[in-house]
Amino acid sequence: KPLECYRFIYWLTSGMNLMDLFKIVYRRVYYRFIRMLLGRNNNYYYPSSIKALLSEYDKNAFIESKTLEKNLFYDRNYSAPKSIQLASIIYPVINKKIDWNNNFIDSEDEESLHRWNWLIMLASDKKFNKLKLSWLLYMQKDWIKSFQDEVRLPNRKMCKFLRWESYSISERLSNSVILFHCYDCKPDSQVHQALLDQATLLTTRIEYLGDYTCNHIINNARALYLIGTYFDYDYFNELAREIFFLELPKFVTGDGFLREGSSHYQLLFTRWMLEVAYFATVSNDMRFKKFFEPYLKNLICQSSFFFVRSAECKTQIPLFGDISPDFPPEWLINMLDTIDGSFEKNEMLPEKSWNRLWSLEKNPTKKIGLNNVEILSKRAIQTYPDSGWYKFLHGPFEIFIRLDEDGVPNYVGHHHQDSGHFCLYYEGIPILVDGGRLDYQNSFGVEPEAHNTLSLNGLGLVPRKADRFPRSYSNCIQSIKYKLDKDYLLITLTSNGFSRIQTGLIWTRSLLINSSKMKMIDEFKGKGDFNISSYLHFAVGTKISDDNSGNWECK
């Protein structure tokens, strides 16, 4: 946007903020230089304690499996599905085999194929049986036969293949262990060795990326811990525990939210932590479990923050931020049913659900002993300014608001340009919504226009590419206040984010809610002439009547 550039140049020259500009340029150039010099997936950013653990182990010597497994579960009378679900498409299975080498339009579909997420989706199906399990095990062996030799390629060659991205390796490892454990089957020696080799490779490609480190680092640790526990290799466990000790406090806020600004990733991340805590419990790793439990309980508690239950007792969540291509929200939505007493109502679960993977005896929330965790979905007022989340219940209305106190997080994540954005429900029915972002190739879902917020001269409260500007330019001061009375709820949002466009400009949004109506007023205090655009996104199926005076009725 030209206006953003002009305003930034004015800010830069008028304040002589050359040091701020130098810092942002240095950060980006330095990171690119390190990647160019050392290549991707180097250990430059590894913490010293991680380097120390790795130095005790010869990274070129791949671990050999301790024993040849004899308890096999392979049956040549397997039953193949007609298709498998990838990130965005239904992928056909032809002649009972998967074509691993297809050229996909969306890279997320290729990654999904090689992450074996479809394997877990099939295993969590209501109609899953032994014959389908045998087919999954054969597809594992078929993939290994096709690609496992690449595990010893030089790093620069391996980086050309999405199937060897560290996150993809992590998903393959975790999905395999969960399948083996939940269905009491063991891999043969070839699969066993292949998974150990991939775990060894992962230790050299842990996703430490300096300031650009994201939740992938936790998924790397999850994979190493599950492999180490299931195959009894404490080296992997020790490395994973150290990553968790170092990184988990950074990614989980003091309130218990994943810091990355996505409601779906909150559930996905909580699922990862449930599985790690479960395997710590079954392996009697009590010291690690004791460290883990406070984070897990907070994550579970704040996952319930997003739950909205309709009159039919169906659960949904507002889709703030990105939607993970790994597993859809519907697959995770009933994950905590064992805690609030809903687990026995299996007929209400989706056809495919994380809970369907586990028997009642093995279900992680039961096995770990988390029945005393508080579920907050029905609490009337929930405000977490340090984490940027707000929720209000008043009469039949339920409203979620996203507002970071300083406007721009100083880390990478899955958050959007959604300051001041809100989602509104009436008796559990969505009215004003967030579409999330399913496709990482499409940037529209990130921008202000995709949210129930506004823009000035086409610019949002914060710059669209905030990481390209100094924080002193992008940041702003924002707050929410509320007043609750028996007859109404008044919520007031205030932000000076637009003051970078015109000095001293303050935006205030007031939401007044009573038993049947919500009134929204946007006010600006300051000088200047601006083009103000306000955006409202109604849920699909909502019928709206407009009386041409600013009053809308929804049915």
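For the sequence shown, our numbering gives the first residue as 1350, with consecutive numbering after it.
Beta carbons are placed, not taken as given, at the ideal position from N, Cα and C, and that holds for glycine.
Original post:
Quick one: Cα of tyrosine 1733 to Cα of glycine 1610, how far?
Top reply: For the purposes of this step, residue 1733 is taken as the residue at position 384 of the sequence shown. For the purposes of this step, residue 1610 is taken as the residue at position 261 of the sequence shown. Taking the straight line from one Cα to the other gives about 13 Å.
**OP:** Count the other CB atoms, across all protein chains shown, that sit within 10 Å of the CB of glutamate 1556; report buried if there are 16 or more and exposed otherwise.
**Re:** Here residue 1556 refers to the residue found at position 207 when the sequence shown is read from its first residue. Looking at its Cβ environment, which holds 16 or more other Cβ atoms inside 10 Å, glutamate 1556 is buried.
Subject >> Residues near phenylalanine 1529 in its chain [Cβ-Cβ closer than 8 Å; skip 5 each side] >> reply: In the sequence shown, the residue the question calls residue 1529 occupies position 180. If we look at phenylalanine 1529 and ignore the five residues flanking it on each side, its Cβ neighbours are Lys1535, Pro1536, Tyr1579.
Subject >> Exposed unless 16 or more other CB atoms sit within 10 angstroms - verdict on glutamine 1766 >> reply: In the sequence shown, counting from the first residue as 1, residue 1766 sits at position 417. That one is buried.
Subject >> Endpoints, alpha helix (DSSP H) assigned at lysine 1481 >> reply: Start at 1 with the first residue of the sequence shown, and residue 1481 comes out as number 132. Run containing lysine 1481: 1479 to 1496, per the alpha helix (DSSP H) assignment.
Subject >> Close Cβ partners of isoleucine 1518 (< 6 Å) along its chain, the five nearest in sequence each way excluded >> reply: Here residue 1518 refers to the residue found at position 169 of the sequence shown. Gln1547, Leu1551, listed in sequence order.
Original post:
In whole angstroms, what separates the C-alpha of leucine 1839 from that of leucine 1833?
Top reply: For the purposes of this step, residue 1839 is identified with residue 490 of the sequence shown, where counting begins at 1. For the purposes of this step, residue 1833 is identified with residue 484 of the sequence shown, where counting begins at 1. Roughly 6 Å separates the two Cα atoms.
Original post:
For methionine 1470, does the three-state DSSP call read helix, strand or coil?
Top reply: For this step, residue 1470 is matched to residue 121 along the sequence shown. In this structure, methionine 1470 counts as helix in the three-state DSSP scheme.
**OP:** Can you say whether phenylalanine 1382 is buried or exposed, counting buried as having 16 or more other CB atoms within 10 angstroms of its CB?
**Re:** As a position in the sequence shown, residue 1382 is number 33, starting the count at 1. Label assigned to phenylalanine 1382: exposed.
**OP:** For glutamate 1700, name the three-state secondary structure that DSSP assigns.
**Re:** Residue numbering aside, residue 1700 sits at position 351 when the sequence shown is read from its first letter. If DSSP states are grouped into helix, strand and coil, glutamate 1700 belongs with coil.
Original post:
So does the region 1463 to 1475 actually touch the region 1665 to 1684, counting three or more Cβ pairs closer than 8 Å?
Top reply: yes
**OP:** Counting only the same chain and skipping the five closest in sequence on each side, list residues whose C-beta sits under 6 Å from that of glycine 1809.
**Re:** On the sequence shown, residue 1809 is found 460 positions in, with the first residue counted as 1. Correct list, in chain order: Gln1766, Pro1797.
Original post:
Do tyrosine 1574 and valine 1601 come within 8 Å of each other at the CB atom, strictly closer than that value?
Top reply: Start at 1 with the first residue of the sequence shown, and residue 1601 comes out as number 252. Start at 1 with the first residue of the sequence shown, and residue 1574 comes out as number 225. No.
**OP:** Output the boundary residues of the beta strand (DSSP E) element that contains isoleucine 1780.
**Re:** On the sequence shown, residue 1780 is found 431 positions in, with the first residue counted as 1. Counting along the chain, the beta strand (DSSP E) containing isoleucine 1780 begins and ends at 1778 to 1781.
Original post:
Taking tryptophan 1484 as the reference, which of Asp1498, Thr1802, Val1442 has the closest Cα?
Top reply: For the purposes of this step, residue 1484 is identified with residue 135 of the sequence shown, where counting begins at 1. The residue with the shortest Cα to Cα distance from tryptophan 1484 is Val1442.
Original post:
Does the beta-carbon of valine 1526 have 16 or more other beta-carbons within 10 angstroms, so that it is buried, or is it exposed?
Top reply: The residue labelled residue 1526 in the question sits at position 177 within the sequence shown. By the 10 Å Cβ count, valine 1526 comes out buried.
Subject >> Close-in-space but distant-in-sequence residues of the same chain around asparagine 1759 (CB under 7 Å, 5 per side omitted) >> reply: Mapped onto the sequence shown, residue 1759 falls at position 410. Correct list, in chain order: Arg1820.
Original post:
Alpha carbon to alpha carbon, what distance is there between leucine 1370 and arginine 1376?
Top reply: Residue mapping note: residue 1376 aligns to position 27 of the sequence shown, counting from 1. Residue mapping note: residue 1370 aligns to position 21 of the sequence shown, counting from 1. For arginine 1376 and leucine 1370, the distance between alpha carbons rounds to 10 Å.
Original post:
DSSP on glutamine 1547, reduced to helix/strand/coil?
Top reply: Numbered from its first residue, the sequence shown carries residue 1547 at position 198. Helix at glutamine 1547.
Original post:
Whose CA, out of Glu1700, Trp1738, Gly1890, Phe1847, lies closest to the CA of glutamate 1872?
Top reply: Residue numbering aside, residue 1872 sits at position 523 when the sequence shown is read from its first letter. Comparing Cα positions, the closest option is Phe1847.
**OP:** Report yes if the C-beta distance between tyrosine 1822 and tryptophan 1360 is below 8 Å; otherwise report no.
**Re:** As a first step, residue 1822 must be located in the sequence shown, where it is residue number 473. As a first step, residue 1360 must be located in the sequence shown, where it is residue number 11. In this structure, tryptophan 1360 lies closer than 8 Å to tyrosine 1822 by Cβ.
Subject >> Separation of leucine 1616 from aspartate 1816, as counted between CA atoms >> reply: Position 467 of the sequence shown holds residue 1816. Position 267 of the sequence shown holds residue 1616. Aspartate 1816 and leucine 1616: Cα-Cα distance of roughly 26 Å.
**OP:** Out of Cys1903, Lys1711, Ile1826, state which residue places its alpha-carbon closest to the alpha-carbon of proline 1779.
**Re:** Position 430 of the sequence shown, counting from 1, holds the residue named residue 1779. Cα-wise, what sits closest to proline 1779 is Cys1903.
**OP:** Counting only runs of 3+ residues fully inside the region 1731 to 1765, write out the beta strand (DSSP E) ranges in chain order.
**Re:** 1738 to 1743, 1746 to 1751
Subject >> Residues bridged to aspartate 1871 [DSSP beta-bridge criterion] >> reply: Looking up residue 1871 in the sequence shown gives position 522. Paired residues: Arg1858.
Subject >> Contacts around leucine 1417, its chain only, beta-carbon distance under 6 Å, and the 5 residues preceding and following it disregarded >> reply: What you label residue 1417 is simply residue 68 of the sequence shown in a count that begins at 1. The predicted position of leucine 1417 is uncertain, since its pLDDT is 47 and thus under 50; a value taken from the coordinates is nonetheless stated next. Result list for leucine 1417: Ser1538, in chain order.
**OP:** Classify threonine 1843 as helix, strand or coil using the three-state DSSP reduction.
**Re:** Position 494 of the sequence shown holds residue 1843. It is a strand residue.
Subject >> contact_flag[the region 1769 to 1784, the region 1624 to 1642] where n(CB pairs < 8 Å) is 3 or more >> reply: no
**OP:** Give the DSSP-derived three-state secondary structure of lysine 1832 in the structure shown.
**Re:** Taking the sequence shown and counting its residues from 1, the one referred to as residue 1832 is at position 483. Note: lysine 1832 maps to strand in three-state DSSP.
Original post:
By Cβ distance, which residues of its chain are closer than 7 Å to arginine 1849, with the 5 residues on each side in sequence left out?
Top reply: For the purposes of this step, residue 1849 is taken as residue 500 along the sequence shown, with counting starting at 1. Counting only Cβ-Cβ distances below 7 Å, and skipping sequence neighbours, we find Arg1356, Trp1360, Tyr1822.
Original post:
Quick one: Cα of lysine 1868 to Cα of cysteine 1531, how far?
Top reply: For the purposes of this step, residue 1868 is identified with residue 519 of the sequence shown, where counting begins at 1. For the purposes of this step, residue 1531 is identified with residue 182 of the sequence shown, where counting begins at 1. If I take the Cα positions, the gap works out to 50 Å.
Original post:
Run through DSSP, which three-state label would leucine 1367 get?
Top reply: For the purposes of this step, residue 1367 is taken as the residue at position 18 of the sequence shown. Reduced to three states, the DSSP call for leucine 1367 is helix.
Original post:
If you drop the 5 nearest sequence neighbours on each side, which residues of the same chain put their C-beta closer than 8 Å to that of glutamate 1514?
Top reply: Your numbering for residue 1514 matches position 165 in the sequence shown. The answer, listed in chain order, is Glu1460.
Original post:
arginine 1658 bridges to which residues according to DSSP?
Top reply: Residue mapping note: residue 1658 aligns to position 309 of the sequence shown, counting from 1. Arginine 1658 pairs with Thr1664.
Subject >> Assumed close pair isoleucine 1672, histidine 1613 - CB separation to whole angstroms, cut-off 8 Å >> reply: Here residue 1672 is taken as the residue at index 323 of the sequence shown, counted from 1. Here residue 1613 is taken as the residue at index 264 of the sequence shown, counted from 1. Confirmed, about 5 Å.
**OP:** Would you tell me roughly how many angstroms separate the C-alpha atoms of leucine 1333 and valine 1374, rounded to the nearest one?
**Re:** The requested residue 1333 does not occur in the structure, where the chain is confined to residues 1350 to 1904.
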